[in-house]
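In this note's numbering, the protein residues as written are 163 to 339.
What follows is a set of notes on a single structure, which appears directly below.
Given below as structure tokens:
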């Protein structure tokens, strides 16, 4: 499968490395307007989606939150299934636009809520379903993940919108579903 990564920031580069290392996948390219965005990655770089050449089977979107909607819809318009980093969009109206575009295209749009697949979450769900824990009155999440100093002060995070709720708490909200 040839996967195009859109956005070469921290998450985009992480995804690109995982794609490149997967035996059934090939990194079709990196889309990012910054000149050196694909540095160190064995893939062609494109400044925007209109410049993409070569075969693409799917797209992975790892841009700042505010750019998700336009990128998802552009990929669907090109016939590519999409995995988009969370949150799916920055606003409810944009989420509705993505939902409409996905329905029109018949293609899947998956949101990168990866923590729901963690073995601890599966174990907790099983215990709850079996009634072992009784009726829940409180749920507390503790993740042993340390963000580097200044993580939430980075300019793009401020521009992306949502702050810690959309960057981190969104995972806990998803797991409660």
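Here a beta-carbon is modelled for each residue, glycine too, at the ideal position from N, C-alpha and C.
Residues of its chain near residue i, where Cβ-Cβ distance is below 8 Å and the 5 sequence neighbours each way are ignored
{"i": "residue 242", "result": "166, 218, 219, 220, 221, 269"}
{"i": "residue 195", "result": "209, 210"}
Residue i, buried or exposed, once every other Cβ within 10 Å from all chains shown has been counted against 16
{"i": "residue 285", "result": "exposed"}
{"i": "residue 175", "result": "buried"}
{"i": "residue 178", "result": "buried"}
{"i": "residue 244", "result": "buried"}
{"i": "residue 189", "result": "buried"}
{"i": "residue 299", "result": "exposed"}
{"i": "residue 263", "result": "buried"}
Supposed contact pair residue j and residue i - C-beta distance, whole angstroms, cut 8 Å
{"i": "residue 173", "j": "residue 255", "result": "The Cβ separation is near 24 Å, so there is no contact."}
{"i": "residue 234", "j": "residue 271", "result": "6 Å"}
{"i": "residue 232", "j": "residue 169", "result": "No, residue 232 and residue 169 are not in contact; Cβ-Cβ is about 12 Å, not under 8 Å."}
Cutoff 6 Å; reference residue i; Cβ partners in own chain excluding five residues on either side
{"i": "residue 206", "result": "191"}
{"i": "residue 334", "result": "303"}
{"i": "residue 292", "result": "none"}
Contacting residues, own chain, Cβ-Cβ under 7 Å from residue i (five flanking each side not counted)
{"i": "residue 278", "result": "336, 337"}
{"i": "residue 332", "result": "248, 249"}
{"i": "residue 260", "result": "231, 234, 235, 250, 251, 271"}
{"i": "residue 257", "result": "250, 251"}
{"i": "residue 281", "result": "none"}
{"i": "residue 187", "result": "163, 165, 181"}
{"i": "residue 295", "result": "289"}
Nearest to residue i (by Cα), restricted to the options the options
{"i": "residue 164", "options": "258, 183, 311", "result": "183"}
{"i": "residue 198", "options": "171, 308, 244, 212", "result": "171"}
{"i": "residue 193", "options": "263, 186, 209, 290", "result": "209"}
{"i": "residue 236", "options": "298, 212, 281, 189", "result": "212"}
{"i": "residue 330", "options": "274, 287, 294, 216", "result": "274"}
{"i": "residue 238", "options": "267, 295, 262", "result": "267"}
{"i": "residue 347", "options": "185, 339, 195, 196", "result": "Residue coverage of the chain in this structure runs from 163 to 339, which leaves residue 347 outside it and unanswerable."}
{"i": "residue 216", "options": "308, 185, 240", "result": "240"}
Interface flag, residue i vs chain C, CB-CB below 9 Å
{"i": "residue 190", "result": "Here there is only one protein chain, and chain C is not present."}
Inset, instruction - Specify whether the stretch 301-308 and the stretch 195-207 touch according to this definition: at least 3 beta carbon pairs, one from each stretch, less than 8 Å apart. - result: Result no; under three Cβ-Cβ pairs closer than 8 Å.
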